[in-house]
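2 protein chains.
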Amino acid sequence: MQLPKQVQIKEVGPRDGLQNETLFIPSADKVSLVNRLSETGLNYIEVTSFVHPKWIPQLADAVEVLKEIKRNTDVTYAALVPNSKGLERALQAEVDEVSIFMSASEGHNKANINKSIDETFPVLKEVVDGALAAGKTVRGYISTVISCPHDGYTKPEQVVYVAEKLFDLGVSEISLGDTIGVGVPTQVDALLVEMLRHFKADRLAMHFHDTRGTALANVMASLAHGITKFDSAIGGLGGCPYAKGATGNVATEDLLYLLHRMGIETGVNLDKIQKTALYMEQIVGKKLSSKLVAIARGEEQSCEIS
Amino acid sequence: MQLPKQVQIKEVGPRDGLQNETLFIPSADKVSLVNRLSETGLNYIEVTSFVHPKWIPQLADAVEVLKEIKRNTDVTYAALVPNSKGLERALQAEVDEVSIFMSASEGHNKANINKSIDETFPVLKEVVDGALAAGKTVRGYISTVISCPHDGYTKPEQVVYVAEKLFDLGVSEISLGDTIGVGVPTQVDALLVEMLRHFKADRLAMHFHDTRGTALANVMASLAHGITKFDSAIGGLGGCPYAKGATGNVATEDLLYLLHRMGIETGVNLDKIQKTALYMEQIVGKKLSSKLVAIARGEEQSCEIS
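Listed in order, the protein sequences are those of chains B and L. If you use full-length UniProt numbering, the first sequence closes out at 306, no skipped numbers anywhere. If you use full-length UniProt numbering, the second sequence closes out at 306, no skipped numbers anywhere.
Right, dumping it as structure tokens:
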């Protein structure tokens, strides 16, 4: 089994994890969450989103949160930015890196951004140009890279098409999202075979949702292709505004367990992440669904009886 | 990615899943559960255990349940048998296949069976001899094949040692259990490399617990070695008498999703399994933790917002 020796975790919990919570979480709690995450060894945290509060009311306090967090100089603090208006606010809040997003499938792009794929690039170009001019790096998210709730299976060629355009705009890295969490390792394998014919592994990150329990198996398929960057969310929160307490992103703590146990270094302290996940349970007011947070709660113990 | 075309699922939910439930489940409910499972396309169901009721009071009705189920001639109905006394009851109840069990690690074997590994073989020999004489096949479980809560990491050579002895006794197949659910794919890989130097893949099954979310990743590592038999439990129930509602065995429905989505046939109807998992939630009186049962409950839906 040929695996990378080191992997970078990009923590998206404060944004992707919290964005779908219906109960508004006080800004001070969000700040405290990010501050705790900043002390775990993570070197990348996606803090918030500058999507209009009409769409994501939970993150209406994006500027305030980014301004109030205690910055650790080892950590890159990023935020999602949909357009020039959002960029203006993000720069005002002194974001370190800007994340732009779109989908590989027309149906999801239309539902999410209300534009066709080709209509989206000019909007994103403005954001990338502005961010680069301000001395910021830009990360690109591509959603629905495996399958789309509207269009079905996504062809790897379609992902290559969108990725090429985004790299041309000037993004430094692309995160490939199995947004609805339907992917299996054979599909991830097929996608990466095609992607790696065009792009280097170190410019790609994988973003799995664990909706059907396949996220860690998909991580394994990605590691086998030399992928060394993975997005994850503390507690496994997030993913779907219509889900009642069900899992979303692959949980940072579960991903860390897998990686560390295989001897892959991340620089992140699993124990501190578990403790932060317990704190997160308090601020979101419910149990999180990751396996390692259940263990941290003491619900899982060793088994003596066969 | 080289994968088998077909996989056999061995459903252990009625035994491994239920054995740790503290609230006694009426025999009629157990019978109904097995009868429903018998109509899903499964061809192997471990129904119950003949371990003394003092140790597993939940399955004190083993004879009654085995006698009352409606047998589907396509299904093998198995039960766990610890000793000659248990075999007597199992044969009286007309079990199709007998399962014996022990551990690869001294510490767990001692805690579970109160004997050293070498002291265990004579006891099991009596069971195997008796079962074979009665025209039954025998399956052997080896627990703690990856790690032991008492002894730590289990050497693959130790698993080979125990497996060799069990095959010598006359078992037709051995199920390798990551009893405490700590294993990762590199460890499964190392174990199977060693095992397959001694035994054929079709005489081995893998039995994963999903305690730390690694079960499906471990299934992938096993498939890569040509393993085609997997134990799983409907709903992902079971595994640890000390766990409060946390997951145990890999859930049959989650395993089926992974396999089917990769084009691997099992002959089992996922939809019927999901419905049976919902029924199981009623009889155990709590929510089950598998991903596909959450989807069956309607808690997970496609996500529109990036």
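Note that CB positions come from ideal geometry on N, CA and C, so glycine has one too.
For residue 54 of chain B, the closest Cβ of chain L is not nearer than 8 angstroms.
Residue contact with chain L for residue 91 of chain B: absent (no Cβ-Cβ distance below 8 angstroms to any residue of chain L).
Residue 280 of chain B and residue 78 of chain L have their C-alpha atoms roughly 44 angstroms apart. In this structure, the CA atom of residue 80 of chain B is about 8 angstroms from the CA atom of residue 15 of chain B. Taken atom to atom, the span from the alpha-carbon of residue 168 of chain B to that of residue 138 of chain B is near 12 angstroms. Listed in chain order, the positions of the segment 72 to 99 of chain L with a beta carbon within less than 7 angstroms of a beta carbon of chain B would be empty, since no residue qualifies. For the pair residue 3 of chain B and residue 96 of chain B, the Cα-to-Cα distance works out to about 30 angstroms. Separation of the CB atoms of residue 146 of chain L and residue 182 of chain L is rounded to 6 angstroms, and the pair is thereby assigned contact status at 8 angstroms. Annotation: the segment 130 to 205 of chain B contains the following complete segments of the alpha helix (DSSP H) (minimum length 4 residues), in chain order: 156 to 169 and 185 to 195. When Cβ-Cβ separations below 8 angstroms define contact, residue 197 of chain B makes no contact with chain L. Taking 8 angstroms as the cut-off, the Cβ atoms of residue 178 of chain L and residue 105 of chain L do not count as close. Nearest CB-CB separation between residue 185 of chain L and chain B: below the 8 angstroms threshold. Under the three-state reduction of DSSP output, residue 102 of chain L falls in the strand class.
Distance from residue 237 of chain B to residue 213 of chain L at the Cβ level is roughly 15 angstroms; contact not present, criterion being Cβ atoms closer than 8 angstroms. Non-local C-beta neighbours of residue 250 of chain L in its own chain, meaning closer than 6 angstroms and more than five positions away in sequence, comprise 208, 210, 215 and 232, ordered along the chain. If you draw a 10 Å sphere on the C-beta of residue 28 of chain L, you find fewer than 16 other C-beta atoms in it, and that means exposed. With respect to residue 267 of chain B, residue 72 of chain B sits apart: the two C-beta atoms are not nearer than 8 angstroms.
Among the CB atoms of chain L, none fall inside 8 angstroms of the CB of residue 276 of chain B. Distance between residue 58 of chain L and residue 144 of chain L, taken at the CA atoms: about 23 angstroms.
The Cβ of residue 270 of chain L sits no closer than 8 angstroms to any Cβ of chain B. Interface criterion not met: the Cβ of residue 168 of chain L is under 8 angstroms from no Cβ in chain B. Only exposed fits residue 52 of chain B, as fewer than 16 other CB atoms lie within 10 angstroms of its CB. In the structure shown, the three-state DSSP call for residue 45 of chain B is strand.
Taking all protein chains in view, the Cβ of residue 289 of chain L is crowded by 16 or more other Cβ atoms within 10 Å, so the residue is classified as buried. Secondary structure note for residue 11 of chain B: its beta strand (DSSP E) is the uninterrupted segment 8 to 11.
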